[in-house]
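Participant: Residue numbers (the working numbering), protein chains in the order written: chain X, 63 to 338; chain Z, 17 to 392; chain U, 1263 to 1561. Below is the structure I would like to discuss, written out as C-alpha cells.
Structure below.
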C-alpha cells in the first residue's frame, strides 16, 4: 500500500515537471520577444541595454497605427458578418428541410479542413475571373469565409445543449418566431455566439495567408506588415507592439478569472440561501 | 355533453411512413379534466401537440371553441402548455418568466404586475419573484411553469407529463394541488401521462390510447369496472382474460365456452349471436374459488403458489392448458393449499364481455360506422 | 382526395405551417448563399483553373489540358511533395506525442485550473503566431540566445547550426500546432468514464495494458482529430518554412505560394491546390468514417 502510494506520488511529480517544461517551451519565445522589445540595439540578437525607445517610436510612428486600424476594421467587420451568417445558419439549418441541405452543411466545414492557402487561392480566382478588383472588401469576404465554420460550430454546439422546448414555450405563450428568436433563443445561445465571435476575431487579427492573397497593393494589415518586416529583419517596434497586445490579453484573462471566482462565490451563496 | 370546447374530428398523423395517430375522435367539455393515458410512444403526446399547434394533423380537423385551428400558429391559439421538463427561460427570473406571455400581448405594466403576483400567490410562490431559475427546486420550477401558463387565462391548459421529473412524494402532493387548482379556476385541463394511478386520481374522464388508436374514453369508474377492450382491461389494473366463444346470450347472462371450460358473464347492450368470438375479463379481486363445481362454470386449476404483497395475497392458479390466473384476496383465511385442485368462478356481473378487438380490423369497423370516404 | 389502400402506406410529407416554412427559409438563406458563393464556387473555379494552360507572362490561356497535373510528377516537384510529407509526418508525430500527456494532465486537474491552462496554452498564438515564430530565429541563431546560453555553460565549444534546418522547421511547426492538437485530445480524454479504467484494472490489467487496451482506443477520435488539425495546416503553412527553413526546405504550401507570386503560373498552382485538397479530404473522409465528428475540428 505504502509503496503504491509512493509510486503514484512520483508519477504525479513527473507529470507536473513535464507540464512545466512544456510551458517553458511555449513561453520561451514570448519571453525573448518581450525582452528584446526593451533591447537597445536594432539587431535583435545580443542584449545591449534597456530602452523604451521602441515604445515611444511606436506611439509616434503613425504608419503602424494606420495599419493597426485597418487590421481592426477588417477583423471587426469580418467577425460581425461571420457571427450573423454563422448564427442564423446554425439556428436555421437545425430544423430546415430542403434539397441540398446536407451538401451545404458539409460545405461549411471546408474552410477548416482545407489548408488556408487553398482557400486563399480559390477565393482569389473567383474575384479574378469575375473581374472584381481587390480591396478591403475582398479581404473581409475571404476572412469571413475562413471564420464562418468556427462560429457555426460553437453556436451549433450551444444549440444542441439548449432545451428546444423553451422555444416552443415562447410560441405557446403568444410570441411569434422573431420575438422568440430575439428574446429566448438568442439569449440562450449567447455564450456560444460570444465564444465564436471571440475565436473569429482573434483568427482574423492574426490572419496572413488569406489576407495577403486578397489584398491590393495599398492595403496592409498588421500580420502582413510584421511578415514583411521579418523578411527584412525585424524592427523591435513590432516586438513592442506584440508585447503590449500580450499584456492586454493577460490583463483581460486576470479580470475574467477574478470575475469568475466572484460569480462562483455568489452562486454558492445563493444556493445556500435557497436551501434554507 | 354540453358544447365541446375542444374537438378532434377524424384526426390522423403520419411521420413519413409511421402512422402515429389513427382516426382520433375526441370531444372535450368545458371545465373538464381529461387525461390522455397510454404507454410511451402511443401517440398521446403527439395528440396534445396537435392541439397546441406544434404539430399539424396529416388529415382531420381540430376545433377549439367550435373554430378550426388549422391555420393558427401556436402563438395564435387560446391554449397554453405546461411542458414535461418545465421549459422555463433560463435567462429570466421567476417574475419575468411568468410575465412573458402578458408582455408579448402588451398588457399594461401595472396589470402585468398585479396578475403575476396574484398567480404566484395562487401557486404558493409568493416572494420568489426575483429568484433565478437555476436557484429553484424541481417542485418550485413546476409551480412556475404552471403559473406561467395560467396567468394568460387560457381556455384550455395542456399538460404534458408535468410531474414526470418529480419524486414520488412530491408528485402525489402536486396531483392534489393541480386538481384543486383546476376546480378553483374552472379551466379545462388536458393532461398527458403514462401513470394510470395519476390518471385515476385526477381525471374527470380518461382517454386510453394504444398504438395511435383511442381505445376507450370514459370516467375512471367506468374504465375500471367496464373496460371495453382487452387492452384497457389489461392496462388499467390487473385482469384475468379468457378467450372465449359465445354459446348463449339469454336473460342478461352470456354463457361462453373457453379453452379451459365453460363460464358466464353479464350481457352487454347488444345481444351476441352464438359463435361470436369474445374475451372475458375478470379482476383478480373478483375471482372466487371453490372445491366443487359451481353452476354455469367449469374452469379448474391447480394452486401453484401464494405471494404475500402486504395488504393482499396473490394466489397463482395454473389451468389445465398451462395458463396462469391470479386471484387477489385480502385475508389469509380459507386459503387453498398449494397443489390443491380448485374450481374458479365469479359473480356473473363481475365477468365482462370484451368484443375481440384483434379480430375486428379498425378500418372495417370504421366502414361499419360509415366512416370517412377517403380511406379504402 | 381519394386515395386507395396502397397510397395509405406511402410516405407522408411532414406538414408545416406556411409561416414556419418562411421563417426557416429566412434563417437559412445567408449561410446557404455564402457557402455557395464563397466556398463552393471558389472550389469549382480552382478545379476549372487547374485544367487551363499557362500563357506567356503569367497569363492564363483558356485551353483545356492535363499538363498541370502531369507537371506535378516531375522529379523537381515530387521532391517537394515528399519533403512536405516527411516534415508534416514528423511534426504530427511529435505534436501528438508531446500533446497527449499534456491533454491528459489538463483533463485530470480541477475545472478551473484546466480552463486557465487552456487559455495559457492558446495565448501566445492568439497574440501573434508570426512574431513569436520570429523569436525562434532569435533563439536559434548561431549567435542567438540558445547558442550563447550553451556556450556560456560550456556544454558546447562551437555554436550549433540550428537555424535554417529541417529541425528548426519542425520545431516551429510543433510550436504552432501543439495547442490546436491538445484541445480535441483533451476533450476526448475528459469524456472518458474513469470507471472503465478502474474496471480494466479490476480485471487484472496493469496500467500499461489498460492504457493500450482501453484508454488509447477510446480516445482515438480525439487523437485523429489532432492529427488532422496538425497535418493539414502543416503542409499549407508556408511561413514557417520561409522563416526558419531559409531556402533549404520547401513545402507544397510554398510551391503554391510561388505560383501566385514569383512564378505566376496560376493553372499549376491550382492543380497543386486541388491535389492537396483531395489528399486532405480523403483523410477527413476516413476520419468521419471512423466515427470522428467534424465539429471537433473547429473547437
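Ideal Cβ placement from N, Cα and C applies to all residues, glycine included.
Report the neighbours of residue 1279(U) on chain Z: residues whose CB is nearer than 7 Å to its CB, in chain order.
Facilitator: Numbered from its first residue, the third chain carries residue 1279(U) at position 17. Going along chain Z in sequence order, the residues near residue 1279(U) (Cβ under 7 Å) are 72 and 89.
Participant: Look up residue 101(X) in the DSSP assignment and give the residues it is bridged to.
Facilitator: If you number the first chain from 1, residue 101(X) lands on position 39. Partner(s): 112(X).
Participant: Identify every run of the alpha helix (DSSP H) within the stretch 1440-1505 of chain U, keeping only runs that are complete inside it and at least 4 residues long; order them along the chain.
Facilitator: Listed in chain order, they are 1456-1464, 1469-1472 and 1478-1498.
Participant: On the DSSP letters alone, give me the boundaries of the beta strand (DSSP E) that residue 233(Z) sits inside.
Facilitator: What you label residue 233(Z) is simply residue 217 of the second chain in a count that begins at 1. Here the beta strand (DSSP E) through residue 233(Z) covers 229-234.
Participant: Under a Cβ-count criterion, where at least 16 other Cβ atoms within 10 Å of its own Cβ denotes burial, should residue 1394(U) be classed as buried or exposed?
Facilitator: In the third chain, counting from the first residue as 1, residue 1394(U) sits at position 132. Answer is buried; the Cβ neighbour count reaches 16.
Participant: Tell me residue 210(Z)'s beta-bridge partners as DSSP assigns them.
Facilitator: In the second chain, residue 210(Z) corresponds to position 194, counting from 1. DSSP output for residue 210(Z) lists no bridge partner at all.
Participant: Based on the DSSP output, what are the partners of residue 29(Z) in its beta bridges?
Facilitator: On the second chain, position 13 is the one that residue 29(Z) refers to. According to DSSP, residue 29(Z) bridges with 37(Z).
Participant: For a contact meaning CB atoms closer than 7 Å, what does residue 1294(U) contact in chain X?
Facilitator: On the third chain, residue 1294(U) is found 32 positions in, with the first residue counted as 1. Ordered by position in chain X, the residues that pass the 7 Å Cβ test against residue 1294(U) are 166.
Participant: To the nearest angstrom, report how far apart residue 1461(U) and residue 1480(U) are at their CA atoms.
Facilitator: Your numbering for residue 1461(U) matches position 199 in the third chain. Your numbering for residue 1480(U) matches position 218 in the third chain. Straight-line Cα distance between these residues: approximately 14 Å.
Participant: Can you give me the start and stop residues for the beta strand (DSSP E) that residue 332(Z) sits inside?
Facilitator: Translated into positions along the second chain, residue 332(Z) becomes position 316. Run containing residue 332(Z): 328-335, per the beta strand (DSSP E) assignment.
Participant: Does any residue of chain X bring its CB to less than 9 Å from the CB of residue 1276(U)?
Facilitator: Here the question's residue 1276(U) lines up with position 14 in the third chain. With 9 Å as the cut-off, residue 1276(U) counts as an interface residue toward chain X.
Participant: Which residues of chain U have a Cβ atom closer than 8 Å to the Cβ of residue 153(X), listed in chain order?
Facilitator: Here residue 153(X) refers to the residue found at position 91 when the first chain is read from its first residue. By Cβ distance, chain U contributes 1289.
Participant: Listed in chain order, which residues of the stretch 208-236 of chain X have Cβ atoms closer than 8 Å to some Cβ of chain U?
Facilitator: Listed by position along the chain: 210, 211, 212, 214, 215, 216, 218 and 219.
Participant: Taking 8 Å as the cut-off, does the stretch 60-77 of chain Z touch the stretch 261-269 of chain Z (at least 3 CB pairs, one atom from each stretch)?
Facilitator: No, the stretch 261-269 of chain Z is not in contact with the stretch 60-77 of chain Z.
Participant: Could you work out which residues of chain U lie near residue 32(Z), taking near to mean beta carbons separated by less than 9 Å?
Facilitator: Taking the first residue of the second chain as 1, we reach residue 32(Z) at position 16. In chain order: 1273, 1274, 1275 and 1276.
Participant: Along chain U, in chain order, which residues have C-beta atoms closer than 8 Å to that of residue 148(X)?
Facilitator: Locating residue 148(X) in the first chain gives position 86, counting from the first residue. Result: 1293.
Participant: Ordered along the chain, which non-local residues of its own chain (more than five positions away) have a Cβ less than 7 Å from that of residue 1502(U)?
Facilitator: The residue given as residue 1502(U) occupies position 240 in the third chain. Excluding residues within five positions, the ones whose Cβ falls inside 7 Å are 1395, 1431, 1434, 1435 and 1438.
Participant: For residue 1559(U), which residues in the same chain have their Cβ closer than 7 Å to its Cβ, ignoring the five residues on either side in sequence?
Facilitator: As a first step, residue 1559(U) is located in the third chain; it is residue number 297 there, counting from the start. Excluding positions up to five away in sequence, the list reads 1487, 1490 and 1491.
Participant: Is it true that the CB of residue 230(X) sits closer than 9 Å to the CB of residue 55(Z)?
Facilitator: Start at 1 with the first residue of the second chain, and residue 55(Z) comes out as number 39. Start at 1 with the first residue of the first chain, and residue 230(X) comes out as number 168. Cβ atoms of residue 55(Z) and residue 230(X): not closer than 9 Å.
Participant: Would you kindly work out how many angstroms separate the C-alpha atoms of residue 212(X) and residue 1293(U), rounded to a whole number?
Facilitator: Within the first chain, the letter at position 150 stands for residue 212(X). Within the third chain, the letter at position 31 stands for residue 1293(U). Going from the Cα of residue 212(X) to the Cα of residue 1293(U) covers about 13 Å.
Participant: With 9 Å set as the bound, which would you pick, yes or no: does the beta-carbon of residue 1282(U) sit closer than that to a beta-carbon of chain Z?
Facilitator: As a position in the third chain, residue 1282(U) is number 20, starting the count at 1. Judged by the 9 Å Cβ criterion, residue 1282(U) is in contact with chain Z.
Participant: Between the alpha carbons of residue 261(Z) and residue 22(Z), how many angstroms are there, rounded?
Facilitator: The residue labelled residue 261(Z) in the question sits at position 245 within the second chain. The residue labelled residue 22(Z) in the question sits at position 6 within the second chain. Approximately 40 Å, taken between the alpha carbons.
Participant: Beta-carbon of residue 189(Z) versus every beta-carbon of chain X: anything under 9 Å?
Facilitator: For this step, residue 189(Z) is matched to residue 173 along the second chain. No - not a single Cβ of chain X is within 9 Å of the one on residue 189(Z).
Participant: Does any residue of chain X have a CB that is nearer than 9 Å to the CB of residue 1407(U)?
Facilitator: Residue numbering aside, residue 1407(U) sits at position 145 when the third chain is read from its first letter. True, the Cβ-Cβ gap to chain X drops below 9 Å.
Participant: So which of 333(Z), 59(Z) and 19(Z) has the shortest CA-CA distance to residue 34(Z)?
Facilitator: Looking up residue 34(Z) in the second chain gives position 18. Selected option, being the one with the closest Cα: 59(Z).
Participant: Which residues in the same chain as residue 1555(U) place their Cβ atom closer than 6 Å to its Cβ, once the five residues preceding and following it in sequence are excluded?
Facilitator: Reading the third chain from its first residue, position 293 is the one you call residue 1555(U). Within the same chain, residue 1555(U) has no close Cβ partners at all.
Participant: Where does residue 386(Z) land, buried or exposed, given buried means 16+ other C-beta within 10 angstroms?
Facilitator: By one-based count along the second chain, residue 386(Z) stands at place 370. Confidence at residue 386(Z) is low in this model, with a pLDDT of 35, below 50, so the placement of that residue should be treated as unreliable; the coordinate-derived value is given next. Its Cβ having fewer than 16 others within 10 Å, residue 386(Z) is exposed.
Participant: Buried or exposed for residue 322(X), going by 16 or more other Cβ atoms inside 10 Å?
Facilitator: Residue 322(X) sits at position 260 when you count from the first residue of the first chain. With fewer than 16 Cβ atoms within 10 Å of its Cβ, residue 322(X) is classed as exposed.
Participant: Tell me residue 158(X)'s beta-bridge partners as DSSP assigns them.
Facilitator: Taking the first residue of the first chain as position 1, residue 158(X) is located at position 96. Answer is none; residue 158(X) lacks a bridge partner.
Participant: At which residues does the beta strand (DSSP E) containing residue 342(Z) begin and terminate?
Facilitator: Residue 342(Z) sits at position 326 when you count from the first residue of the second chain. Run containing residue 342(Z): 340-345, per the beta strand (DSSP E) assignment.
Participant: Taking the alpha carbon of residue 84(Z) as the point to measure from, which residue in 20(Z), 366(Z) and 181(Z) has its own alpha carbon closest?
Facilitator: Here residue 84(Z) refers to the residue found at position 68 of the second chain. Answer by Cα proximity: 20(Z).
Participant: By alpha-carbon positions, which one of 171(Z), 213(Z) and 270(Z) ends up nearest to residue 205(Z)?
Facilitator: Taking the second chain and counting its residues from 1, one reaches residue 205(Z) at position 189. Measuring from the Cα of residue 205(Z), the nearest candidate turns out to be 171(Z).
Participant: Using a Cβ-Cβ cut-off of less than 8 Å, list which residues of the stretch 97-110 of chain Z approach chain X; keep chain order.
Facilitator: For the stretch 97-110 of chain Z, which is checked against every Cβ of chain X, the residues closer than 8 Å are 97, 99, 100, 101, 103, 104, 105, 106 and 107.
Participant: Work out the CA separation of residue 1429(U) and residue 100(X) for me, nearest whole Å.
Facilitator: Taking the first chain and counting its residues from 1, one reaches residue 100(X) at position 38. Taking the third chain and counting its residues from 1, one reaches residue 1429(U) at position 167. C-alpha separation (whole angstroms): 29 Å.
Participant: When you compare the stretch 164-177 of chain X with the stretch 234-242 of chain X, are there three or more beta-carbon pairs, one atom per stretch, that lie closer than 8 Å?
Facilitator: Flag = no, the stretch 164-177 of chain X and the stretch 234-242 of chain X do not touch.
Participant: Hey, would you say residue 201(Z) sits closer than 9 Å to residue 167(Z), going by beta carbons?
Facilitator: Within the second chain, numbered from 1, the residue matching residue 201(Z) stands at position 185. Within the second chain, numbered from 1, the residue matching residue 167(Z) stands at position 151. Cβ atoms of residue 201(Z) and residue 167(Z): not closer than 9 Å.
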